[in-house]
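First the structure, in the form of structure tokens, and then the observations on it.
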Amino acid sequence: MAKKQKTFRPKARVPRGFRDRLGAELTAEREMLSRISAVYESYGFDPLETPAFEFTDALGKFLPDVDRPNAGVFSLQDDDDQWMSLRYDLTAPLARFVAENYDSLPKPFRRYQVGPVWRNEKPGPGRFRQFTQCDADSVGAPAPDADVEICAMFADAMEAAGIARGDYVVKLNDRRLLAGLLETAGLVGLEPDDELQRVTVLRALDKLDRLGEAGVRLLLGPGRKDESGDFTDGAKLKDAQIDRVMTFINATQATNAETCDRLAGFFSTSAQGEAGVTALDTMAAQLGALGYGEDRIQIDLSIIRGLDYYTGPVFEADLMFTTEDEKGRPMRLGSVGGGGRYDGLVKRFKGIEVPAVGVSVGVSRLLEALEAKKTTGDSVSGPVVVLALEKNQMAAYQQMAAELRAAGVRAEVYLGGSNFAKQLKYADKRAAPIAVIQGSDERDKGEVTIKDLVLGAELSKNIQDNKEWREGQPAQFSVKQSELVAAVKKVLARRG
RNA sequence: GCCGCCUUAGCUCAGUUGGUUAGAGCGCUUGAUUGUGGAUCAAGAGGUCCCCCGUUCAAUCCGGGGAGGCGGUACCA
């Protein structure tokens, strides 16, 4: 009794936080990337590609340790034992590239880059371990002119991506204001605990839009317990300090100029704060002169943008409309990209300060937002399918498909082995707009039959009887074979 | 990382107070309607009831552990 051999069958599944994407989703993303890239290019930014892997020490502070080499990033050791990691953004590779090629690059150096990045962290709703970024940066260009340009281009990119004016706002802040705020609130200690406290304050402010004022006050003070029962430790500020921080957050006024006026008084004792106010004032004025007013670019004092490398202006684009998720609950769309000035990145490699400013567009979230906003999904159409009814006529069918392609129509010949009905079913599943049919009947007459599958589907709603459905053969007509392309194009044109 | 909920057919979910053949709807496959996708009708395939260990004569169901999913929270260069 031989036991049945156990064959190993791997489970067909995609790793957590990654996903497969097919058809329309991909073409939509490609379309959006090319529109955004076109904006970047029109501003004179050159495309750059860098590899997926970088040496881990080039990426920044996430050096792998023995116990957890993959915390945050995906890392592995090359055969010479050097640690390499998948890039987690496009900025660190840019800094490496600039440092490596510093002497030969034109400065300021303007490049844009599109590509996947990887983060080894827990995936959440709308967050994956691989996603696409679309960045543009000016390296070696001093403030404020480069910052103004990037902000204006960011707004242009949003509109090119399909977000209507008024549906987004680029929110602008400056890290020096935040530094000044901490300074004037008396948070200036040098101990590690003091640093932690300052970081905690900034993190709290970053959550204003989500937790509201009350939640932020808790995080600035004793801490907050969320609805899942988890407790977040607070910054333990005194009441007077909390009041000052909240006053700052709420200092945003109707116009950018008014906000700057108000802030000037607020920071009269802080050089850093004053520098930030001046920078914002200048930027807002220049942007306004370019036609980018408060409808598109607004100073918003609760924008923080990460914690580490930004040194000056920071900005992010928020979507103004709300949508519902698949269960009908209102869904916040929030930030779809952002950036800012970082003057220290190249210094890590070269020891010299190289000022830089850049922007990063979150393509997947943008696509999700547009998808959610769309009321009627204009479903992407599949190829025209040429049916293969007579096996000995394949060359003729391929010829028809070739003619259609030459005329710019997506077309394919059915290559499976099934009968007429199955072939139409296949065309249906491919979302084909048209089936091209030539059996012996048509061939004898030198004709082809063009079947409008979309129209046919509509007509079928009013037909109950199968006989009528078949004999009526709705939504199809025959033409001379020489008129194939013209007839197909005519049917396609009906749908735009 | 922390907290909570969940895991039964391809999908959405019933169900078994622990007992022999675990179900539905939709989908899928095949066929009928003489060369036409829809509709209708008929037949069929598809399940280690997430995994491992334990309790028990007996576990899909009870207990422990693990994995995966969802949601929140933290971190996010």
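Here the first sequence stands for residues 857 to 1352, where the numbers follow the numbering used here. The beta carbon of each residue, even a glycine, is placed where N, CA and C say it ideally should be.
{"Check": "Fully enclosed by the region 1209 to 1254, which alpha helix (DSSP H) runs are 4 residues long or longer?", "Outcome": "1219 to 1229"}
{"Check": "Given 8 angstroms as the limit, is there contact between the region 1285 to 1294 and the region 1243 to 1255, that is, 3 or more CB pairs closer than that?", "Outcome": "yes"}
{"Check": "Please give me, in chain order, every unbroken run of the alpha helix (DSSP H) with length at least 4 that falls completely inside the region 1275 to 1322.", "Outcome": "1276 to 1285, 1296 to 1301 and 1309 to 1316"}
{"Check": "Using DSSP bridges, identify the partner residues of G980.", "Outcome": "R983"}
{"Check": "Let me know the alpha helix (DSSP H) ranges lying completely inside the region 943 to 1021, each 4 residues or longer, listed in chain order.", "Outcome": "947 to 956 and 1001 to 1016"}
{"Check": "Using the beta-carbon count (16 or more within 10 Å), is K1027 buried or exposed?", "Outcome": "buried"}
{"Check": "From the DSSP output, in three-state form, read off N1106 for me.", "Outcome": "coil"}
{"Check": "From E1314 to E1327, what does the alpha carbon distance come to, in whole angstroms?", "Outcome": "17 angstroms"}
{"Check": "Is it a yes or a no for the region 867 to 884 touching the region 932 to 939, going by three-plus beta-carbon pairs under 8 angstroms?", "Outcome": "no"}
{"Check": "CB-CB under 7 angstroms to S1126, same chain, minus the five flanking residues each way: which ones, in chain order?", "Outcome": "G1036, E1039 and T1040"}
{"Check": "Okay, do the region 1094 to 1111 and the region 1005 to 1012 touch, 3+ Cβ pairs below 8 angstroms being the bar?", "Outcome": "no"}
{"Check": "Which partner residues of I1155 appear in the DSSP bridge assignment?", "Outcome": "L1028"}
{"Check": "For E1051 versus N1112, is the C-beta spacing smaller than 8 angstroms?", "Outcome": "no"}
{"Check": "Grab me the residues of G1193's own chain with a C-beta within less than 6 angstroms of its C-beta, minus the 5 sequence neighbours each way, in chain order.", "Outcome": "A1173, S1216, V1217 and G1218"}
{"Check": "How is D1089 classed by DSSP in three states: helix, strand or coil?", "Outcome": "strand"}
{"Check": "If you drop the 5 nearest sequence neighbours on each side, which residues of the same chain put their C-beta closer than 7 angstroms to that of Q1337?", "Outcome": "G1302, E1303 and V1304"}
{"Check": "Please report the distance separating the alpha-carbon of K1260 from that of E1339.", "Outcome": "It should be pointed out that residue 1260 corresponds to Leu in this sequence rather than to Lys. Straight-line Cα distance between these residues: approximately 11 angstroms."}
{"Check": "So is F1087 buried or exposed if we call it buried at 16+ other beta carbons inside 10 Å?", "Outcome": "exposed"}
{"Check": "On the DSSP letters alone, give me the boundaries of the beta strand (DSSP E) that D1174 sits inside.", "Outcome": "P1169 to L1175"}
{"Check": "Mapping the DSSP letters down to three states, classify K1336 as helix, strand or coil.", "Outcome": "strand"}
{"Check": "CB-CB under 7 angstroms to A955, same chain, minus the five flanking residues each way: which ones, in chain order?", "Outcome": "V1202, F1205 and K1206"}
{"Check": "State the Cα-Cα distance for the pair P920 and L942, rounded to the nearest angstrom.", "Outcome": "In this prediction, P920 scores a pLDDT of 47, lower than 50, which makes its location untrustworthy; the coordinate-derived value is nonetheless stated afterwards. About 12 angstroms."}
{"Check": "Going along the chain, which residues of its own chain have a beta-carbon closer than 8 angstroms to the beta-carbon of K1081, five neighbours each way excluded?", "Outcome": "F1087 and T1088"}
{"Check": "Pick out whichever of Q986, L1043 and S890 has its Cα sitting closest to the Cα of Y968.", "Outcome": "S890"}
{"Check": "So is P1078 buried or exposed if we call it buried at 16+ other beta carbons inside 10 Å?", "Outcome": "exposed"}
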